[in-house]
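Number of protein chains: 2
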Amino acid sequence: MLEVLNLKAHLDKERYRELISPLQRELRDVQQMIRREQIPIVVLLEGWDASGKGDSIGNLVHPLDPRGFKVFTTRGPNEEEHFRPYLWRFWVKLPRTGDFVFLDRGWYRRLLQDRLSGEIDEKSVLVAAGEIREFERQLTDDGYVLIKLWLHVSKQEQKRRLKTIESDPYERWRVARRKSEKRPGYKKCLKAAEEMLALTSTANAPWLLVEADDRLYRRVKVLEGVVSSLKAALASRGLALTGASPQEQDGTLGPLATGSRDVEVQRTNPPNLLDRVDLDKRLSRAEYNSELDRLQMRLRELELECYNQRVAAVVVYEGWDAAGKGGNIKRLTQELDPRGYEVIPVSAPDETEKAHHYLWRFWRALPKAGHIAIFDRSWYGRVLVERVEGLAAEVEWRRAYQEINEFERHITASGAVLIKFWLHLSPEEQLRRFEEREKTPHKRHKITPDDWRNRQKWNVYREAVVEMIERTSTPYGPWTIVEAEDKLWARIRTLSTLVARLEQRLGLS
Amino acid sequence: MLEVLNLKAHLDKERYRELISPLQRELRDVQQMIRREQIPIVVLLEGWDASGKGDSIGNLVHPLDPRGFKVFTTRGPNEEEHFRPYLWRFWVKLPRTGDFVFLDRGWYRRLLQDRLSGEIDEKSVLVAAGEIREFERQLTDDGYVLIKLWLHVSKQEQKRRLKTIESDPYERWRVARRKSEKRPGYKKCLKAAEEMLALTSTANAPWLLVEADDRLYRRVKVLEGVVSSLKAALASRGLALTGASPQEQDGTLGPLATGSRDVEVQRTNPPNLLDRVDLDKRLSRAEYNSELDRLQMRLRELELECYNQRVAAVVVYEGWDAAGKGGNIKRLTQELDPRGYEVIPVSAPDETEKAHHYLWRFWRALPKAGHIAIFDRSWYGRVLVERVEGLAAEVEWRRAYQEINEFERHITASGAVLIKFWLHLSPEEQLRRFEEREKTPHKRHKITPDDWRNRQKWNVYREAVVEMIERTSTPYGPWTIVEAEDKLWARIRTLSTLVARLEQRLGLS
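Those protein sequence lines, which keep their order, are chains G and Z.
Take the first sequence: its letters are residues 1008 to 1516, numbered as in my numbering.
Take the second sequence: its letters are residues 1008 to 1516, numbered as in my numbering.
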């Protein structure tokens, strides 16, 4: 099967650039439809060491809204996993409807690494393959879209890459842990891969084979494979890629949208901390581009350094509706290794969460040492929306300031670094963005009647925000108020703050 | 503080029996109120090795409905825990409202074992104590009832017990793993305990000190301490121990309760597998008592053997409403070590669960190797209630037979043993039990309008049950149909089946 691949296939840079951008735009649009249609997506990348799985995932998630995907790397089972059925650790990681999960290796370990290392015998290989087919069929029958990619490299190319990786200080760790183990020969690997493909190529979950000797070619082929699989999945549900649902296209947003859209800010005297924010801060596109590049590259280095020093980073985004949290988080994560961070979108608690202390779900979501967690909204909901909407009793939200300060001290005392942003803009700029969203088909899903309702309560929220910042700015968890009237300025401001705080914590400043 | 304790305090067997039963009844009644009022309870037992923490927990959970509590043992942190803030592993184990969590050791490890082993320095002890006070205050402020017990033994008694344990083959494992570590001297331990008590005795979470040299005295004191703490918590909410809520006392159960209560079973020709069940099976109270004792003792041994052989056991209870699942499970778990099993009550999926494959939540709940999970209702809801109530499309529940067979094969192939019970009774007996529940104040909470509605659909359910049993009886997951017209017979039948299946799996038959 693999011998049909032309490993000489390659792309020059120019052609690559022509091809990649339209595909990324398509993937972004597809994500919106996936979300709207509530389809869960599992993308599994398999392939030998140094075949480019990690880089492919990075390239795949690049155009995506980071609140809609998770990335997992599969290594040998840990203790929890070891004591449960083989498929357990994959089941518990399944995405919820509307989300993506990307797996850097997965349940094929049994048929590849475990088989080659002799951990399971030849008879068990057939049993394992059967279980895998059943597992995959259960998922696709239930409406999961499962995309399986096999990244194939030639013997010479793999050898060359392993050498390069071993000589790169930022990459060495990827192969270092496997040095002691004997790597099985290429030919033996090839045979195992061929048999695995034969045993598990099914109609509902076919393998996409990718020639991975040329990096640019491989990236395009992976992206194209994923996009076309997703489009096919949408088409089979009678959906074509349009950008907006019929419902959204008629543009109705309920009675509130026709009410008064203006808000007059009640300023206090003396001016409070929000009055003093300088909303005239701006950046030119040229300044932005050069700064963005520099900061994103630096962040990627710092992500690795967090891992090396086993430091956890917790980043909190709060701000007005349409202040640009999503776009900001996207720039933050764009160049990061997706295996090192997680974006946690926070909305109203579900039934199980409501049956626990309000901090419970945030404790559960804390990152492991060495990883970064980015909260898109957070535990501050207690003193913002829950306060304003009366979802928490006054005694509860008043108590929360101290509870939050303690919570943040408990996590920073364990070595984590905590970075909190409030994205601030004027109600006039918010109105402009709301109206722009209404007018733009592919942004229309971002604006809801709730946004208009919240806007009417601007001054009540404002009071809550000021009190929140005043009462929860601590040495270990300081707030950064980000001037977000200009999106470009805001993005650079958060990224540079993040870089500075991480450098400080990691002893690199 | 500890010197005031009279370690000579003891109880003779007769006095013990007089005292323990009323306390157990009270605890059972308190559990119902806790559940009704949705109060979450955390009971923490601390104390040195061999002070009787495990036995105390066993004695505490004895009268409780096992669907309403979980038991955790705290050892040194595992990898997942090691890479997160210290309190993380306790936060994620908090009970949901209305439930109990019992902890055999907990967050005091820092101030005791870690301090004594020199793992944390003296300054960190104060910081840790501060964090602990904050954590406990956050819980009690939120309405959690936190009961902390310190079990105290004398030097001589501890020494004696450690010797006994080391010479008992069924107990040796408890101390075996600590043999290599040097046990710190009694005096040093005493000092650390005194300081811990001084640092963390607070108004919201006071310590209950228990003289634990005498086993019977210790049991009574622990039980009494827990019951009176719970009664005080209820009283502070304006509630006294009555047994039924005002709402339930008026006995209204909605319009359906007044409709026809009779059901005529539509028998098939030839008789189906339910028609053939012999509902005349009965046991005398004397036979029952002696069999129950024998089987419960044997189950406890088998539980330990499961742990030793690292075999997971999955027990599934399905059956008609009022067939006696709850009482049956209670007899099953009554003599088990609560650290080795978990009861998983299954009701309608919550929002997060609905956003995943229907098997997802069951995969997540699977026991680790060496542990027992008892499902009170299960994944069979897919082909029972979801089928009958139209919650799953026909194509979905039809597909589910195969999915369930595969699921069960995947878990048994990993070494788990699977035991499935269908508790069967006649509609006449069900009616008798429903009406008895209505009449008995402390049972009234068990009967709802839903039960009456389900009863109206007896024949539709019957059809679903027959198809379920026919289509999902496999060599690795056979169904046992339990004649449940007589509760005593049913309990012995499930327990003896369980014993036989476990013995077979463990190679002891």
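Ideal Cβ positions, reconstructed from N, Cα and C, are used throughout, including at glycine.
Using DSSP's beta-bridge definition, name the partner residues of residue 1382 of chain G. Numbered from 1 along the first sequence, position 375 holds the residue referred to as residue 1382 of chain G. For residue 1382 of chain G, which the question treats as bridged, DSSP gives the partners G:1323 and G:1351.
Between which two residues does the alpha helix (DSSP H) carrying residue 1419 of chain G extend? Within the first sequence, numbered from 1, the residue matching residue 1419 of chain G stands at position 412. Here the alpha helix (DSSP H) through residue 1419 of chain G covers 1401-1420.
Taking all protein chains shown into account, do 16 or more other C-beta atoms lie within 10 angstroms of the C-beta of residue 1348 of chain Z, making it buried, or fewer, making it exposed? Along the second sequence, read from residue 1 onward, the residue named residue 1348 of chain Z stands at position 341. Label assigned to residue 1348 of chain Z: buried.
Exercise. Between the Cα of residue 1411 of chain G and those of G:1203, G:1234, G:1484 and G:1169, spot the shortest distance and give me the residue it belongs to.
Key: On the first sequence, residue 1411 of chain G is found 404 positions in, with the first residue counted as 1. The candidate whose alpha carbon is nearest that of residue 1411 of chain G is G:1484.
| task | Please name the residue in Z:1454, Z:1052 and Z:1297 whose C-alpha comes closest to that of residue 1215 of chain Z. | result | The sequence position of residue 1215 of chain Z within the second sequence is 208, counting from 1. Minimum Cα-Cα distance from residue 1215 of chain Z among the listed residues Z:1454, Z:1052 and Z:1297 corresponds to Z:1052.
Indicate whether at least one CB of chain Z lies closer than 8 Å to the CB of residue 1506 of chain G.
In the first sequence, the residue the question calls residue 1506 of chain G occupies position 499. It does not; no Cβ of chain Z falls within 8 Å.
Best match in Z:1016, Z:1496, Z:1481 and Z:1444 for proximity to residue 1226 of chain Z [C-alpha to C-alpha]:
Working through the second sequence from its first residue, we reach residue 1226 of chain Z at position 219. Comparing Cα positions, the closest option is Z:1016.
Check: Can the beta-carbon of residue 1421 of chain G be found less than 8 Å from the beta-carbon of residue 1092 of chain Z?
Finding: As a working note, residue 1421 of chain G is residue 414 in the first sequence. As a working note, residue 1092 of chain Z is residue 85 in the second sequence. Going by C-beta atoms, residue 1421 of chain G is nearer than 8 Å to residue 1092 of chain Z.
Along the chain, which unbroken stretches of the beta strand (DSSP E) at least 3 residues long are found entirely within the segment 1031-1079 of chain Z?
DSSP runs (the beta strand (DSSP E)) wholly in the segment 1031-1079 of chain Z: 1048-1054.
query = What's the C-alpha gap between residue 1506 of chain G and residue 1311 of chain G?
reply = Residue numbering aside, residue 1506 of chain G sits at position 499 when the first sequence is read from its first letter. Residue numbering aside, residue 1311 of chain G sits at position 304 when the first sequence is read from its first letter. C-alpha separation (whole angstroms): 13 Å.
Inset, instruction - Taking the CB atoms as reference points, tell me whether residue 1142 of chain G and residue 1094 of chain G lie closer together than 8 Å. - result: In the first sequence, counting from the first residue as 1, residue 1142 of chain G sits at position 135. In the first sequence, counting from the first residue as 1, residue 1094 of chain G sits at position 87. Yes; because the gap between Cβ atoms is below 8 Å, this pair is in contact.
Q. Checking contacts by CB at 8 Å: is residue 1090 of chain Z closer than that to chain G?
A. Position 83 of the second sequence, counted from the first residue, corresponds to residue 1090 of chain Z. Cβ-Cβ to chain G under 8 Å: yes for residue 1090 of chain Z.
Say whether chain G places a C-beta atom closer than 8 Å to the C-beta of residue 1559 of chain Z. One cannot answer for residue 1559 of chain Z here, as it falls past the ends of chain Z, which runs 1008 to 1516.
Cβ contact check for the segment 1457-1471 of chain Z and the segment 1128-1135 of chain G: 3 or more pairs under 8 Å: Too few Cβ pairs lie closer than 8 Å, so no.
By how many angstroms is the C-alpha of residue 1498 of chain Z removed from the C-alpha of residue 1327 of chain Z? Within the second sequence, residue 1327 of chain Z is the residue found at index 320, counting from 1. Within the second sequence, residue 1498 of chain Z is the residue found at index 491, counting from 1. Between the alpha carbons of residue 1327 of chain Z and residue 1498 of chain Z lies a gap of roughly 15 Å.
Quiz item: If residue 1364 of chain Z sits next to residue 1149 of chain G, beta carbons under 8 Å apart, how far is it from one beta carbon to the other, in whole angstroms?
Solution: Within the second sequence, residue 1364 of chain Z is the residue found at index 357, counting from 1. Within the first sequence, residue 1149 of chain G is the residue found at index 142, counting from 1. A Cβ-Cβ distance of about 5 Å is found for the pair residue 1364 of chain Z and residue 1149 of chain G, placing them in contact under the 8 Å criterion.
**Prompt:** Hey, would you say residue 1061 of chain Z sits closer than 8 Å to residue 1344 of chain Z, going by beta carbons?
**Reply:** For the purposes of this step, residue 1061 of chain Z is taken as the residue at position 54 of the second sequence. For the purposes of this step, residue 1344 of chain Z is taken as the residue at position 337 of the second sequence. Going by C-beta atoms, residue 1061 of chain Z is nearer than 8 Å to residue 1344 of chain Z.
Does the segment 1071-1089 of chain G come within contact of the segment 1017-1029 of chain G, defined as at least 3 CB pairs closer than 8 Å?
Look at the beta carbons and you see the segment 1071-1089 of chain G not touching the segment 1017-1029 of chain G: under three pairs across the two are nearer than 8 Å.
Please list the terminal residues of the continuous alpha helix (DSSP H) segment that includes residue 1506 of chain Z. The residue given as residue 1506 of chain Z occupies position 499 in the second sequence. From DSSP, the alpha helix (DSSP H) with residue 1506 of chain Z extends over 1494-1512.
What number of angstroms, rounded off, separates the C-alpha of residue 1287 of chain G from the C-alpha of residue 1493 of chain G?
Translated into positions along the first sequence, residue 1287 of chain G becomes position 280. Translated into positions along the first sequence, residue 1493 of chain G becomes position 486. Residue 1287 of chain G and residue 1493 of chain G: Cα-Cα distance of roughly 8 Å.
- Message: I need the straight-line Cα distance from residue 1057 of chain Z to residue 1158 of chain Z, nearest angstrom please.
- Response: Taking the second sequence and counting its residues from 1, the one referred to as residue 1057 of chain Z is at position 50. Taking the second sequence and counting its residues from 1, the one referred to as residue 1158 of chain Z is at position 151. For the pair residue 1057 of chain Z and residue 1158 of chain Z, the Cα-to-Cα distance works out to about 10 Å.
Checklist entry - Per DSSP, which one or two residues make a beta bridge with residue 1517 of chain Z? => result With chain Z represented from 1008 up to 1516, any question about residue 1517 of chain Z goes unanswered, as that position is not in the structure.
| said: If I follow the unbroken beta strand (DSSP E) through residue 1155 of chain G, where does it start and stop? | reply: Residue numbering aside, residue 1155 of chain G sits at position 148 when the first sequence is read from its first letter. 1152-1159 is the extent of the beta strand (DSSP E) around residue 1155 of chain G.
Q. What does residue 1218 of chain G pair with, by DSSP beta-bridge criteria?
A. For the purposes of this step, residue 1218 of chain G is taken as the residue at position 211 of the first sequence. G:1159.
Give the residues of chain Z in contact with residue 1134 of chain G, contact being defined as C-beta atoms less than 8 Å apart.
The residue you call residue 1134 of chain G lines up with position 127 of the first sequence. Residues of chain Z passing the Cβ test: 1420.
Tell me the rounded alpha-carbon separation between residue 1481 of chain G and residue 1333 of chain G.
Residue mapping note: residue 1481 of chain G aligns to position 474 of the first sequence, counting from 1. Residue mapping note: residue 1333 of chain G aligns to position 326 of the first sequence, counting from 1. CA-CA distance, residue 1481 of chain G to residue 1333 of chain G, rounds to 26 Å.
Hey, is residue 1512 of chain Z's beta-carbon within less than 8 Å of any beta-carbon in chain G? Position 505 of the second sequence, counted from the start, is the residue given in the question as residue 1512 of chain Z. Not one beta carbon of chain G lies nearer than 8 Å to the beta carbon of residue 1512 of chain Z.
Check: Quick one: is residue 1417 of chain Z near chain G, going by C-beta distance under 8 Å?
Finding: Within the second sequence, the letter at position 410 stands for residue 1417 of chain Z. Residue 1417 of chain Z belongs to the set of residues whose beta carbon lies under 8 Å from a beta carbon in chain G.
Start and end of the alpha helix (DSSP H) containing residue 1121 of chain Z?
Taking the second sequence and counting its residues from 1, the one referred to as residue 1121 of chain Z is at position 114. Taken as a continuous stretch (DSSP letters only), the alpha helix (DSSP H) holding residue 1121 of chain Z covers 1120-1123.
Tell me the rounded alpha-carbon separation between residue 1063 of chain G and residue 1229 of chain G. What you label residue 1063 of chain G is simply residue 56 of the first sequence in a count that begins at 1. What you label residue 1229 of chain G is simply residue 222 of the first sequence in a count that begins at 1. Pairing residue 1063 of chain G with residue 1229 of chain G, the inter-Cα distance amounts to about 7 Å.
Unbroken beta strand (DSSP E) run spanning residue 1111 of chain Z, endpoints: The residue labelled residue 1111 of chain Z in the question sits at position 104 within the second sequence. Under the DSSP assignment, residue 1111 of chain Z falls in the beta strand (DSSP E) whose first and last residues are 1107-1111.
*What does residue 1149 of chain G reach in chain A if we use C-beta pairs closer than 7 Å?*
Absent from the structure: chain A. Protein chains present are G and Z.
**OP:** Would you please verify whether the beta carbon of residue 1357 of chain Z is less than 8 Å from any beta carbon of chain G?
**Re:** The count along the second sequence starts at 1 and reaches residue 1357 of chain Z at position 350. By this cut-off, residue 1357 of chain Z is an interface position.
Requested in this report: Compare the Cα-Cα distances from residue 1378 of chain G to each of G:1338, G:1294 and G:1316 and report the closest residue.
Outcome: Here residue 1378 of chain G is taken as the residue at index 371 of the first sequence, counted from 1. The option with the nearest alpha carbon to residue 1378 of chain G is G:1316.
For this session: With DSSP collapsed to three states, give me the class of residue 1518 of chain G.
Result: Only positions 1008 to 1516 of chain G appear in this structure, which leaves residue 1518 of chain G out of reach.
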